[in-house]
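Asks: Have a look at this one.
Protein chains in written order, with the working numbering: chain A, 1 to 204; chain B, 1001 to 1186.
Here's what the structure looks like:
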């Protein structure tokens, strides 16, 4: 294992690696050096190369972080240029019939619009943010039981059961006002707790 | 950092990407602001400083918007966006690269005069950065996809449209060349 008398530690040819190749050594590192291979572990040349490969592996995330920090932030013009390129109508989703009593002209609301109705409930429960919203059940068939599932983010430090209860009540009221869905339940999953000085850029 | 402008800025990707999947453009804007620098950095490494970086990232976001509803776990938005970014960057690479035998692209022997400017705390990262810049494009692309993008060898082969054996060879050579160059400043 003594490496200090190696005149040129930079050579990485199979001759220097006791017959192994850099590729084999990379695979060996990838596998966590398991199962142990004595012909690698006992080769000074291989150990030098493995050390170098490991240093490289440690540096890679640092490189990504440094590269990312060196890039400029997204300014408003950039964000707008992207928003200008996206199409909004793709999110309408299925048409959900609205049952009118007595039966009248055909009426309906899109899934996208119902999701907006649900998201708007967050405005009355301070600090709560609603994420993805899912409908379990066939919303296109009047009277079919439908389970609503939403992910939410809540601020750290507020009692979660109270927030969730208020949000559920609020969503339920709004769905009753805007749809005729047969809502059997509203599952709320708190997937994110926000701390006061939380992220503004995940990578910063 | 936290100028309290938009509470969405402080929510995690599951919430933000989930909302964007449901059609909320404000949430999508947060994703754009959050990951633009990282996606630019990644595209720049693949394309090696090309002026097309912004086009690639813009296309990546537009594609992402269209595909978000199909993303099963919005909490994985970051790696998913990186994947889309590399695909867009590779499209550029494949469209512009003349058909050459990738195995024949050889690296000139590194010069043994590592400049003294790297004698600082960031020396390692700077040396890696320089070493990457000096790699021939096919080697650099393979290395960046593997080590930054987390691609498997098979995925690199598929994306770049080159045989698996070529990918293995290019990666081995890239690693060797990077190490040799980096050892010079140690």
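Built from N, CA and C at the ideal position, the CB exists for glycine as well.
(1) Let me know the secondary structure DSSP gives residue 1122(B) once reduced to three states.
(2) Once you ignore the five residues that flank residue 112(A) on each side, which residues in its own chain have a CB closer than 8 Å to its CB?
(3) At a Cβ cut of 9 Å, what residues of the segment 1080-1092 of chain B count as close to chain A, listed as they run along the chain?
(4) Should residue 170(A) be flagged as near chain B, meaning a C-beta pair shorter than 8 Å?
(5) Starting from residue 191(A), follow its DSSP beta bridges and name the residues at the other end.
(6) I want to verify the contact list: residues of chain B whose CB lies under 9 Å from the CB of residue 117(A), in sequence order.
(7) Which residue wins for smallest C-alpha separation from residue 88(A), given the options 1023(B), 1084(B), 1097(B), 1167(B)?
(8) Closer than 7 Å by C-beta to residue 1035(B): which residues in its own chain qualify, once you throw out the five before and the five after it? Chain order, please.
(9) Using the C-alpha atoms, what's the distance from residue 151(A) back to residue 139(A)?
(10) Can you pull out the residues from the segment 1025-1050 of chain B whose beta carbon lies closer than 8 Å to at least one beta carbon of chain A?
(11) Taking Cβ positions only, does residue 1128(B) come closer than 8 Å to chain A?
(12) Residue 1182(B) and residue 1127(B) - do their beta-carbons sit closer together than 8 Å?
(13) Report the neighbours of residue 1176(B) on chain A: residues whose CB is nearer than 8 Å to its CB, in chain order.
(14) Using a Cβ-Cβ distance under 8 Å, would residue 1117(B) count as near chain A?
(15) Using the C-alpha atoms, what's the distance from residue 1086(B) back to residue 1148(B)?
(16) Classify residue 1139(B): buried if its beta carbon has 16 or more other beta carbons within 10 angstroms, exposed otherwise.
(17) Any C-beta of chain B sitting closer than 8 Å to the C-beta of residue 64(A)?
(18) What does residue 133(A) touch in chain B if you count any residue whose Cβ is under 9 Å from its own?
(19) Within this structure, are the beta carbons of residue 1047(B) and residue 1089(B) separated by less than 8 Å?
(20) Measuring only from the beta carbon, is residue 1035(B) closer than 7 Å to any heavy atom that is part of the ligand FMN?
Replies: Based on what the coordinates show:
(1) Under the three-state reduction of DSSP, residue 1122(B) is assigned to coil, being neither helix nor strand.
(2) Cβ within range, chain order: 91, 92, 93.
(3) Near chain A, meaning a CB-to-CB distance below 9 Å, no residue of the segment 1080-1092 of chain B qualifies.
(4) Not an interface residue.
(5) According to DSSP, residue 191(A) bridges with nothing at all.
(6) For the C-beta of residue 117(A), not a single chain B residue is nearer than 9 Å; the gap to the nearest is close to 12 Å.
(7) Residue 88(A) has its Cα closest to that of 1023(B), out of 1023(B), 1084(B), 1097(B), 1167(B).
(8) Cβ within range, chain order: 1078, 1081.
(9) Cα to Cα, residue 139(A) sits roughly 19 Å from residue 151(A).
(10) With the criterion set as a beta carbon lying under 8 Å from some beta carbon of chain A, the members of the segment 1025-1050 of chain B are 1025, 1028, 1029, 1032, 1033, 1034, 1035, 1036, 1037, 1038, 1040, 1041, 1042, 1044, 1045, in sequence order.
(11) It does; some Cβ of chain A falls within 8 Å.
(12) Pairing residue 1127(B) with residue 1182(B) gives a Cβ-Cβ distance under 8 Å.
(13) What residue 1176(B) touches in chain A: 12, 22.
(14) Residue confidence is low: residue 1117(B) scores 38 on pLDDT, short of 50, so the model does not pin down where it sits. No coordinate-derived value is stated.
(15) Rounded to the nearest angstrom, the two C-alpha atoms are 10 Å apart.
(16) Counting Cβ neighbours within 10 Å, residue 1139(B) comes out buried, since at least 16 surround it.
(17) Closer than 8 Å: yes.
(18) What residue 133(A) touches in chain B: 1018, 1019, 1022.
(19) Contact flag set, yes.
(20) This structure does not include the ligand FMN; it has no bound ligands of any sort.
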